[in-house]
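Residue numbers (this note's numbering), protein chains in the order written: chain A, 10 to 118; chain B, 6 to 125. All C-beta atoms, glycine included, are put in the ideal place defined by N, C-alpha and C.
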């Protein structure tokens, strides 16, 4: 069973920078895994942020960026705002099957 | 604009079959590349990808649930239906459907979700 692993929780100060990562149990994450990132706030449906590693949707704030880092997919928030406090999920492709990570709870404190 | 809305029973008994409908507007499932997926989220837990159906009727399923899932589409009615057999209390979750415009860009538009509780 393929497992996608994210940090369970991270804390960042307002205005700071934080990187969330997404690892695959099958090995290094590559562009062929088409990493997607989603943000979810309590009581809301998830919102898409990043697709295909680093591409932003039209509504994605400029402070969010996606990349590959050390064999993992990464989501970096630069200049964090209080409204960025949320759960973040990555989604990876495994040959016809997609698997979400367990999510990272980001606290802005 | 693109909208999706899930509907179905809020309560099902163990061993029963769940049938959920995703009614959508603002796009056509006959457009090349377009697909609709289902995702669920147990209370307080992570998202789980379930299934995906493409404009050409290609279908993909979660490895762990593929024996219990069936996804179909009715392009003329702008609906996608997900059935899940042999429901168990661990299947209690909010079930979402979501639109994707192509293979690699997933779930840019989501429904509001529908909570399904499995209990006798």
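Quiz prompt | Where residue 51(A) meets chain B, residues with beta-carbon distance less than 9 Å | solution = Within chain B, no residue comes near residue 51(A); the closest Cβ sits about 10 Å away, beyond 9 Å.
Quiz prompt | Element boundaries [beta strand (DSSP E), containing residue 73(B)] | solution = Where residue 73(B) is concerned, there is no enclosing beta strand (DSSP E), given that its DSSP letter is neither H nor E.
Self-check item: Amino acids of chain A, ordered along the chain, whose beta-carbon sits closer than 8 Å to that of residue 53(B)
Solution: 109, listed in chain order.
Quiz item: What are the uninterrupted segments assigned as beta strand (DSSP E) that are 3 or more residues long and contained completely in the stretch 21-46 of chain B, given in chain order?
Solution: Segments of the beta strand (DSSP E) lying fully in the stretch 21-46 of chain B: 23-30 and 40-46.
Quiz item: For residue 57(A), which of 121(B), 109(B) and 71(B) has the nearest alpha-carbon?
Solution: Taking each of 121(B), 109(B) and 71(B) in turn and checking the Cα distance to residue 57(A), the smallest one comes out for 109(B).
Exercise. Indicate the three-state DSSP secondary structure (helix, strand or coil) for residue 108(A) in the structure shown.
Key: Residue 108(A) falls in the strand class under three-state DSSP.
Quiz prompt | As assigned by DSSP and simplified to three states, the class of residue 16(A) | solution = Residue 16(A) falls in the coil class under three-state DSSP.
Self-check item: Residues sharing a beta bridge with residue 88(A), DSSP
Solution: Note: residue 88(A) sits in no beta bridge, so no partner.
Quiz item: Would you call the stretch 21-36 of chain B and the stretch 82-93 of chain B touching, i.e. three or more CB-CB distances under 8 Å?
Solution: Three or more Cβ pairs drawn from the stretch 21-36 of chain B and the stretch 82-93 of chain B lie within less than 8 Å of each other, which places the two stretches in contact.
Quiz prompt | Boundaries (first-last residue) of the beta strand (DSSP E) holding residue 96(A) | solution = For residue 96(A), the enclosing beta strand (DSSP E) has its first and last residue at 95-103.
Practice problem: Using the DSSP secondary-structure output, state which residues sit across from residue 58(B) in a beta bridge. | Solution: According to DSSP, which records beta bridges pairwise, residue 58(B) is partnered with 41(B) and 64(B).
Exercise. Compare the C-beta of residue 36(A) against all C-beta atoms of chain B and say whether one is closer than 7 Å.
Key: For residue 36(A), the answer is no, since every Cβ of chain B falls outside 7 Å of its Cβ.
Exercise. Select from 25(A), 26(A), 42(A) and 55(A) the residue whose C-alpha is nearest the C-alpha of residue 32(A).
Key: It is 42(A).
Exercise. Classify residue 12(B) as helix, strand or coil using the three-state DSSP reduction.
Key: Strand, per DSSP.
Quiz item: When you check each C-beta in the stretch 12-40 of chain B against every C-beta of chain A, which residues fall closer than 9 Å?
Solution: Of all residues in the stretch 12-40 of chain B, none comes within less than 9 Å of chain A when Cβ atoms are compared.
Quiz item: Under 7 Å between C-beta atoms, does residue 68(B) make it to chain A?
Solution: Yes, because at least one Cβ of chain A sits closer than 7 Å to the Cβ of residue 68(B).
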